[in-house]
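This report concerns only the one structure given below.
2 protein chains.
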Amino acid sequence: MKIAVLGTGMVGETIGGKLVALGHEVKMGSRSANNEKAAAWVKKVGAKASQGTFADATAFGELIFNCTSGSGSLEALNAAGKENLKGKLLLDISNPLDFSKGMPPTLFVSNTDSLGEQIQRAFPELKVVKTLNTISANVMVDPARIPGEHAVFVSGNDADAKAQVKRLLTEWFGWKQIIDLGDITTSRGTESYLPLWLRLWGALGTPDFNIQIVKKG
Amino acid sequence: MKIAVLGTGMVGETIGGKLVALGHEVKMGSRSANNEKAAAWVKKVGAKASQGTFADATAFGELIFNCTSGSGSLEALNAAGKENLKGKLLLDISNPLDFSKGMPPTLFVSNTDSLGEQIQRAFPELKVVKTLNTISANVMVDPARIPGEHAVFVSGNDADAKAQVKRLLTEWFGWKQIIDLGDITTSRGTESYLPLWLRLWGALGTPDFNIQIVKKG
Chain A
13 MKIAVLGTGM
23 VGETIGGKLV
33 ALGHEVKMGS
43 RSANNEKAAA
53 WVKKVGAKAS
63 QGTFADATAF
73 GELIFNCTSG
83 SGSLEALNAA
93 GKENLKGKLL
103 LDISNPLDFS
113 KGMPPTLFVS
123 NTDSLGEQIQ
133 RAFPELKVVK
143 TLNTISANVM
153 VDPARIPGEH
163 AVFVSGNDAD
173 AKAQVKRLLT
183 EWFGWKQIID
193 LGDITTSRGT
203 ESYLPLWLRL
213 WGALGTPDFN
223 IQIVKKG
Chain B
13 MKIAVLGTGM
23 VGETIGGKLV
33 ALGHEVKMGS
43 RSANNEKAAA
53 WVKKVGAKAS
63 QGTFADATAF
73 GELIFNCTSG
83 SGSLEALNAA
93 GKENLKGKLL
103 LDISNPLDFS
113 KGMPPTLFVS
123 NTDSLGEQIQ
133 RAFPELKVVK
143 TLNTISANVM
153 VDPARIPGEH
163 AVFVSGNDAD
173 AKAQVKRLLT
183 EWFGWKQIID
193 LGDITTSRGT
203 ESYLPLWLRL
213 WGALGTPDFN
223 IQIVKKG
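Same order as they appear, the protein sequences are chains A and B. For any residue, its number in this note's numbering is found by taking its place in the first sequence, counting from 1, and adding 12. For any residue, its number in this note's numbering is found by taking its place in the second sequence, counting from 1, and adding 12.
As structure tokens, then:
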């Protein structure tokens, strides 16, 4: 499949690398073509990898991963272009983290709204599925690095799009405990889990963790 | 031990009932003495249970459980009185849920502050430990109703108070995975997990669930 990965950070590199390893053609998108990090990633990952602007990548991809930092997501998608996004499925991995006020970061949108909803509102013809935003990059593409079943969530308005994302998460990355929280407003739940996730990282001393949902049998 | 349970809702009833069953003397506090729900609880639970005002209960208790609704917590603690609270340990189970704007509730304090911090700031001589606020009442006092080990968190500024709370959670209720997130500012993490908890309740169809923290071995 032809896939766009928007963003050149650790999440984009990790997701993009895994997708290429699975045999997909991946174009990494960034603000400008020939971005230094994107070019280095292409060189490392090989022939099935390419790079370009956000618009180049989005026009290329049948499927889009939003791996940009939350503060840059709407700008990146605007640069990607409404026509290139129209009707496509976007896996939104971003989190609305605000690092401008020191550590740990706060959220620039929360409680009564979410970044997932902002993206869906800005691009009503895009099928936004919020997912994978509750774990570190290495865990996203390799849940088996942590023992047992543990959870990943999906939030979105389009049932078919969520079903497709669930299949991808299972078949490509090996996810087992996939929980459909409901429509895109449930992004508020996973995005506002980030403050707990950040404190857990501190308490556990590693980002290599996740939560398993356990319930009364 | 003599224990104050502030609040007559499901959390107060459940915690208070469990503490009496363990052999403790428990005084349930509410806005006015002879509150109907508190009186009914005392009648049900038996001789080791009693009730009174927030001030009565707090003066009685060597240890205090804040089981009031978040929107009423500061008012309840003001009614309890600074002198009655001074130097004591408060297990703060409240959450800053705002039901006034419909369901699901939003948070009336979040992101850059928390109810745990507000309580600690208002009563600097009280040893506030935020805990048990991430699970339903039945799970708080009986974690074994859900299979496996799963997590409860503690947040607070006083290391001895947190150590005491950890012992109580283990010995009284049977908690095994107890995670110290850090100082009272980490209440932001557990309180802002509530929007995810509420969505999980919807997705799972039961409040009888919890999260287990799993990490790379």
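No residue lacks a Cβ here, since even glycine has one placed at the ideal position from N, Cα and C. This one's a predicted model, so the numbers in the text were calculated from it and none came from an experiment.
- The residue among B/Met115, B/Ser126, B/Gln130 with its C-alpha nearest the C-alpha of A/Thr124 is B/Met115.
- Counting every other CB atom within 10 Å of its CB across the protein chains shown gives A/Lys174 a total of 16 or more, marking it as buried.
- In the DSSP assignment, B/Val151 falls outside any beta strand (DSSP E) and lies within the alpha helix (DSSP H) extending over 149 to 153.
- Within the DSSP bridge table, the entry for B/Thr65 names B/Ser42 as partners.
- Annotation: Cβ neighbours of A/Val226 in chain B (cutoff 7 Å, chain order): Ile158, Pro159, Gly160, His162, Phe221, Asn222, Gln224.
- In terms of beta-carbon proximity, B/Pro207 lines the interface with chain A, with at least one pair separated by less than 7 Å.
- Neighbours of B/Arg200 across chain A, judged by C-beta separation under 7 Å: Pro207.
- Nearest in C-alpha terms to A/Asn107, of all of A/Leu212, A/Ala69, A/Ser126, is A/Ser126.
- A/Ile191 sits away from A/Asn169, with the two beta carbons spaced by 7 Å or more.
- By the C-beta density criterion, A/Thr70 is buried, having at least 16 other C-beta atoms within 10 angstroms.
- The beta carbon of B/Leu212 sits closer than 7 Å to those of Phe221, all from its chain and outside the five residues before and after it, given in chain order.
- When beta bridges are read from the DSSP output, A/Glu37 appears opposite A/Lys14.
- Contiguous alpha helix (DSSP H) elements confined to the stretch 161 to 209 of chain B occur at 171 to 180, 199 to 203, taking only those with 4 or more residues.
- Counting of Cβ neighbours within 10 angstroms places B/Phe185 among the buried residues, the total reaching 16 or more.
- Of the residues B/Asn90, B/Gly99, B/Glu161, B/Gly19, the one whose Cα lies closest to the Cα of B/Met40 is B/Gly19.
- Beyond the five residues adjoining it in sequence on each side, A/Pro117 comes within less than 6 Å, by CB distance, of Leu109, Asp110, Phe111 in the same chain, given in chain order.
- If you draw a straight line from the Cα of A/Lys188 to the Cα of B/Ser148, it is about 25 Å long.
- Judged by DSSP in its simplified three-state form, B/Ile105 adopts coil rather than helix or strand.
- As a beta-bridge residue in DSSP terms, B/Val141 pairs with B/Leu103, B/Gly168.
- Here the alpha carbon of B/Phe72 sits roughly 7 Å from the alpha carbon of B/Lys14.
- Around B/Leu101, the same chain offers Leu75, Lys139, Ala173 as residues with beta carbons nearer than 6 Å, after the five sequence neighbours per side are excluded.
- Annotation: A/Ala33 to A/Val226 spans about 33 Å, alpha carbon to alpha carbon.
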